[in-house]
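Asks:
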Amino acid sequence: MKRWAGVALAILGLAGPLHAGTADRLFGDGFDPPGDRPTGRADAARFLAQASFGGTPAQVDALMVSGFNAWFGAQFAQAPGYVLPYMRQAAGTADPLQPLPFHLYRQAWFVRVLSAPDDLRQRVAFALSEIFVVSERGAGLGNDGLALGAYHDILLRNAFGTYRQLLEDVTLSPAMGRYLSMYRSRKPDPANNIQADENFAREVMQLFSIGLIRLNPDGSPLLIGGQTVPTYDVAVVRALARVFTGWACHCAVGQNCPPDPFVQENFTCSTEHAMVPYEVYHDRDEKRLFDGLVLPAGRDARVELGAALDALANHPNVGPFIARQLIQRLVTSNPSPAYVGRVAAVFADDGHGVRGHLGAVVRAILLDVEARQGHRLAPQTFGKLREPLLRLSQMWRAFDVMWEDDALMLDDLDIHLRYNQSPLFSPSVFNFFSPAHAPPGPLAQAGLVAPEMQIITANFAIAVTNDLGGRIFWAYRGGPMDAFDDRARLIQLERWEQLIAPPPGGTQAPAGALEQLVGRFDELLLGGTMSAPLRERILARLRAIPAADPLKRVQNAIYLIAIAPEFAVQR
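With mature numbering (1 follows the signal peptide of the UniProt record, and there is no 0) applied, the sequence shown corresponds to residues -20 to -1, 1 to 551, in that order.
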């Protein structure tokens, strides 16, 4: 682990003494807010790396023309690229109850994130999936592509909506109900040794809303007498668990469902629609929750659930708690308290009196001065390690990945074996990594975190490097994989070959063409942050390759960037 902490330092380009408060001091001095248009192609590519799964050359050009405000307007207006319709089309069924194999979810996910026009929504939904975690590795969900697809579509639908609605839709999702065992949770019956299941009640507070300790508006811990203040205790968990009793699957239309799914499992229930209450199993006694909130006795399940979720959504912790995690997923692992505070203020009020408006929150995150200028103003602490899937997706999109329509791609089945990551595939409800993870060593000593380091092991670091290399040298249009197997996604390199190909009758690339090629790849893959040593290393390698082989030159340039520590970090 110490070895990998050193790698983290190398990746982040950290040199000299580190201080967690450096960024806050820098940004606190005040800088002009970013303008509406990117400062250049590199800035546009940086923005798209934060706001999507990576920008294509055409998208970079379009953003340069439209500017940020028009881009957000277009993205907010885009219809969601849901996965369930694609999954059903691929399965050749319109039956809402037809089971769908798990691999169709992965296939649909890749197709949507690589080609659907709602780039921002897809990226935010992925970020939300790492906060409101459901995984196919639990509760039998690995055999239920329908449940996984339906849950993913909940996140897509709510990506720009309100946090309160997202919280309710997640709570009543059959996938979440099964994963955290709220599904068929019964009111306590001590005589029969039955207790309300506490799993969801605990995680909805700890992970989905208010966290473990009270926070200041900027996300820093609230201290009283030098001590942190817990947000809840065991008694609150037990009381909230009783709020969530009495819920089970909705009976699918046209099906003969058992009258009591708590007695007889409902195998014809809908895993696509929200769970519904069965009042006989709901606890109607008084419940004492956090911050002195008391739910009086005699309320039905839906009313109590609404009151509890209202209280969670309006808790002062939620804004900074969710803001910090979304910033970490999209922009930087160590946002300054001021950055968190600015975004949390938008969460509290979007300027139109709406609390928890996620579209406004995401916009505030991506247009904040730290997001747009942090790589220059706080280079020692700004940025984040790219998740393995994002390294792959950005390379694919930068080089206009293509594939056969409706073909089952091999990647859809086993991407996790090489990248240690796949959508809705985390090992537990705590995601692939903790937002507070700090590798032992200088980062931890400086009070900094690097969450994604938690899934980077020596084996997977090598596997990712080898896999990216294979895609660059084999999986391109006209290459070996194109001829061998139509189930491969192929990058397109022809335009880049043409850029450096010798002119007719010539033997050398046009003057400055190699430098231009490396510069364009720097823009697309690194957002214009390539170091001088890396640039010289790449150019030296390209000059050693005969000019008559422009394809090999292009591939080597991409490969040397893709395996460089600089590409492993998003700045």
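Glycine residues also receive a C-beta, built at the ideal position from the N, C-alpha and C atoms.
These numbers were taken from a predicted model, which means no experiment stands behind them.
From the DSSP output, which residues share a beta bridge with D169?
Replies: D169 is bridged to I174.
Asks: Using the rule of at least 16 other Cβ atoms within 10 Å of the residue's Cβ for burial, across every protein chain shown, is residue 567 buried or exposed?
Replies: The structure shown does not extend to residue 567, since the chain spans only -20 to 551, so no value can be given for it.
Asks: Can you tell me where the alpha helix (DSSP H) holding P513 begins and where it ends?
Replies: Taken as a continuous stretch (DSSP letters only), the alpha helix (DSSP H) holding P513 covers A512 to R523.
Asks: Identify the residues that DSSP records as bridge partners of H230: which are they?
Replies: DSSP, once it has assigned bridges, lists S250 as partnering H230.
Asks: Check for me: the alpha helix (DSSP H) holding M461 runs from which residue to which?
Replies: Start and end: P460 to F464.
Asks: According to DSSP, is I193 helix, strand or coil?
Replies: In the structure shown, I193 sits in a strand (DSSP, three-state: E or B).
Asks: Skipping 5 residues on each side, what residues in its chain have a beta carbon closer than 6 Å to that of G(-15)?
Replies: Here G(-15) scores only 45 on pLDDT, less than 50, and its place in the model should not be relied on; the value that follows carries that caveat. Counting only Cβ-Cβ distances below 6 Å, and skipping sequence neighbours, we find nothing.
Asks: DSSP beta-bridge partners for L365?
Replies: Looking at the DSSP assignment, L365 forms a beta bridge with V549.
Asks: On the three-state DSSP scale, how would you describe M255?
Replies: M255 falls in the coil class under three-state DSSP.
Asks: Let me know the secondary structure DSSP gives R103 once reduced to three states.
Replies: DSSP places R103 in helix when its eight states are reduced to three.
Asks: Using a threshold of 8 Å, state whether the C-beta atoms of E503 and A22 are closer than that.
Replies: It is a contact, given that the beta carbons lie within the stated cut-off.
Asks: Round the Cβ separation of T361 and L285 to the nearest angstrom and send it over; I've been treating them as touching at under 8 Å.
Replies: Their Cβ separation, rounded to whole angstroms, is 41 Å, which puts T361 and L285 out of contact at 8 Å.
Asks: From W454 to M461, what does the alpha carbon distance come to, in whole angstroms?
Replies: Cα-Cα distance, rounded: 6 Å.
Asks: Drop a sphere of 10 angstroms on the beta-carbon of residue 578, count the other beta-carbons inside from all chains shown, and report buried for 16 or more, exposed for fewer.
Replies: As displayed, the chain neither begins before -20 nor continues past 551, which places residue 578 out of reach and without an answer.
Asks: With a cut-off of 8 Å on the beta carbons, I'd call V216 and L269 a contact; round off their distance for me.
Replies: At roughly 6 Å, the Cβ-Cβ gap stays under 8 Å, so V216 and L269 are in contact.
Asks: Could you tell me the alpha carbon to alpha carbon distance between Y539 and P76, rounded to whole angstroms?
Replies: Each residue's alpha carbon lies about 44 Å from the other.
Asks: Kindly indicate which three-state DSSP category T312 falls into: helix, strand or coil?
Replies: DSSP places T312 in coil when its eight states are reduced to three.
Asks: Return the residue from the list A441, R158, R500 and G333 that minimises the CA-CA distance to residue 572.
Replies: There is no way to answer for residue 572, as the model of the chain reaches only from -20 to 551.
Asks: Run through the segment 431 to 514 for me and flag every whole beta strand (DSSP E) of 3 or more residues, listed as ranges in chain order.
Replies: Runs found: none.
Asks: On the DSSP bridge list, what partners appear for T208?
Replies: T208 pairs with L203.
Asks: Would you say the beta carbon of L479 comes nearer than 7 Å to a heavy atom of the ligand NAD?
Replies: No copy of the ligand NAD occurs in the structure displayed, which carries no ligand at all.
Asks: Pick out whichever of Q478, P431 and Q401 has its Cα sitting closest to the Cα of V444.
Replies: Of the candidates Q478, P431 and Q401, the one whose C-alpha sits nearest the C-alpha of V444 is Q401.
Asks: Quick one: using the 10 Å Cβ neighbour count with 16 as the cut-off for buried, is F140 buried or exposed?
Replies: Its Cβ being crowded by 16 or more others within 10 Å, F140 is buried.
Asks: Give, in chain order, every unbroken run of the alpha helix (DSSP H) that is at least 4 residues long and sits entirely within the segment 339 to 364.
Replies: 349 to 357, all fully within the segment 339 to 364.
Asks: Looking at C-alpha atoms only, which residue of W476, P403, Y62 and F27 is the closest neighbour of P97?
Replies: Ranking W476, P403, Y62 and F27 by Cα distance to P97 puts Y62 first.
Asks: Can you give the beta carbon distance from A181 to F224, rounded, assuming they're within the 8 Å contact cut?
Replies: Rounded, the Cβ-Cβ distance is 6 Å, consistent with contact.
Asks: So what does R268 bridge to, in DSSP terms?
Replies: Answer is V274.
Asks: How should Q550 be labelled, buried or exposed, when 16 other C-beta atoms within 10 angstroms of its C-beta is the threshold for buried?
Replies: Under this definition Q550 is a buried residue.
Asks: I need the DSSP call for residue 554, collapsed to helix, strand or coil.
Replies: With the chain covering -20 to 551 only, the question about residue 554 has no answer from this structure.
Asks: State the CB to CB distance for the pair Q55 and L100, rounded to an integer number of angstroms; the pair is presumed to be in contact (CB under 8 Å).
Replies: Right, the Cβ-Cβ distance comes to about 4 Å (below 8 Å), so this counts as a contact.
Asks: Within 10 Å of its beta-carbon, does S414 have 16 or more other beta-carbons around it, so buried, or fewer, so exposed?
Replies: It counts as exposed.
Asks: Below 6 Å CB to CB, which residues in the same chain sit around H132 once its five sequence neighbours on both sides are set aside?
Replies: The residues are V63.
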